[in-house]
Structure formats: structure tokens, C-alpha cells
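A short write-up of the structure that comes next.
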Amino acid sequence: MLSAREARAQTQNILLNRYRQPLISFTLNIPGEIKTSPRLLKLFNQGLAAITEKLTDHHVPILKKIEHHAATGDECLLVCQCDAHKLKLWLTATEEEHPLGRLMDIDVLDTDGQKLSRPHPRQCFICGRPAADCARSRRHNAAELTTAIKTLLDKHLQG
Numbered sequence: 002m003l004s005a006r007e008a009r010a011q012t013q014n015i016l017l018n019r020y021r022q023p024l025i026s027f028t029l030n031i032p033g034e035i036k037t038s039p040r041l042l043k044l045f046n047q048g049l050a051a052i053t054e055k056l057t058d059h060h061v062p063i064l065k066k067i068e069h070h071a072a073t074g075d076e077c078l079l080v081c082q083c084d085a086h087k088l089k090l091w092l093t094a095t096e097e098e099h100p101l102g103r104l105m106d107i108d109v110l111d112t113d114g115q116k117l118s119r120p121h122p123r124q125c126f127i128c129g130r131p132a133a134d135c136a137r138s139r140r141h142n143a144a145e146l147t148t149a150i151k152t153l154l155d156k157h158l159q160g
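Under the working numbering, the first residue of the sequence shown carries the number 2, and numbering increases by one thereafter.
So this is what it looks like as C-alpha cells:
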């Protein structure tokens, strides 16, 4: 996982230096060792479609798109010609509006490579508290998280 994060950061730096435009980094928030599966790939594709739709709705040109699918997880980098703060606002709404948006991690990096913060913290999909607090304190174990994710996926993908 560490080498995958390092490779993603290196690619992000290359794209930011080449295009000098904001960058969207899309992955899934999946705890545990298994980071991809056919069902998770389906979720990833739905998330990518929601991002693309939001960009299209706002007439945002995509200058470069790189997708990577590996055992460490599915990821996509999108270089966009748009104000980074507007992108973050629109894509935070996408995370909040999509039924499985809590499982999506849509980061926006500005032209300096700084990751923009959300206007308000994410909620834990198990207890509703701030997700960062639950993660930091390890309030929920891997089995609880995996069960909750499976339930969310089952409900959405079968419905």
C-alpha cells in the first residue's frame, strides 16, 4: 500500500508540473487488506461516472485522465481546467449525494499540490460521528467496517 501511495504521489507531481492545473485524485475508502473486487470496481466505475457527470454539468475540461487498477485498489487522476475550490465544492457534494459516496475518496489538489479540505468533516457511516475521530481512535474494528461496507454495497448494487 505504501508503494502505491508513493507512486500515486509521484504521478500527481508529474501531472501538476506538466499541466499547472488542479488535479482530482479518486480512490475508494476501503479498510482492510482487500482493496478491490468486481463489486468494488463496479462502485469505482459508478463514482467515476458521477465525477465525470459533475464535470460535464459544469463544463469543466478534462485535460488528462489516468486510471490504474491493481490489488492495492482502483484509482483515477484527472487534470481539470477549473478553479480548484469550485471543484472541491462540487465534488464534496457528489460524495454527499451519491448513496455510496461515503466509500468514495475524491481529493482535489490545487496547482501547488496542496490538498483542499472539505467544508465540513465526513461522518462515520457506522455511528455518524466525525469519521476522522473514529479512524484515529479505532472505534470500529475491521470486521465491523467490512460488514457495514458489504451491507451498503449489497443494498445499493442489488437495488
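Glycine included, C-beta positions come from ideal geometry on N, C-alpha and C.
Enumerate in chain order the residues of its own chain whose CB-to-CB distance from residue i is below 8 Å, with the five nearest sequence positions on each side excluded.
i: residue 131; result: 122, 123, 124 and 125
Taking C-alpha atoms, which residue in the options lies nearest to residue i?
i: residue 4; options: 141, 74, 30 and 99; result: 74
i: residue 117; options: 141, 87 and 62; result: 87
i: residue 100; options: 10, 155, 42 and 110; result: 155
i: residue 114; options: 34, 21, 29 and 60; result: 21
i: residue 235; options: 6, 40 and 110; result: Residue 235 lies beyond the stretch modelled for the chain, which goes from 2 to 160, so this question has no answer here.
i: residue 89; options: 30, 32, 111 and 29; result: 111
With a threshold of 7 Å on Cβ separation, who are the neighbours of residue i within its own chain once the five nearest residues in sequence on each side are excluded?
i: residue 55; result: 91, 92 and 95
i: residue 16; result: 24, 65, 78 and 80
i: residue 69; result: 76
Beta-carbon within less than 6 Å of residue i's beta-carbon, same chain only, minus the 5 sequence neighbours each way: which residues are those?
i: residue 102; result: 96
i: residue 61; result: 81 and 83
Can you look up residue i in the DSSP assignment and give me helix, strand or coil?
i: residue 117; result: coil
i: residue 27; result: strand
Residue i: buried (16+ other C-beta within 10 angstroms of its C-beta) or exposed?
i: residue 151; result: exposed
i: residue 107; result: buried
i: residue 138; result: exposed
i: residue 158; result: exposed
Write down every uninterrupted run of the beta strand (DSSP E) in the segment 49–75 whose length is 3 residues or greater and which is fully enclosed by it, in chain order. Here the runs fully enclosed are 63–71.
Enumerate, from N- to C-terminal direction, the unbroken alpha helix (DSSP H) stretches of 4 or more residues contained entirely within the segment 82–139. 85–98 and 132–138
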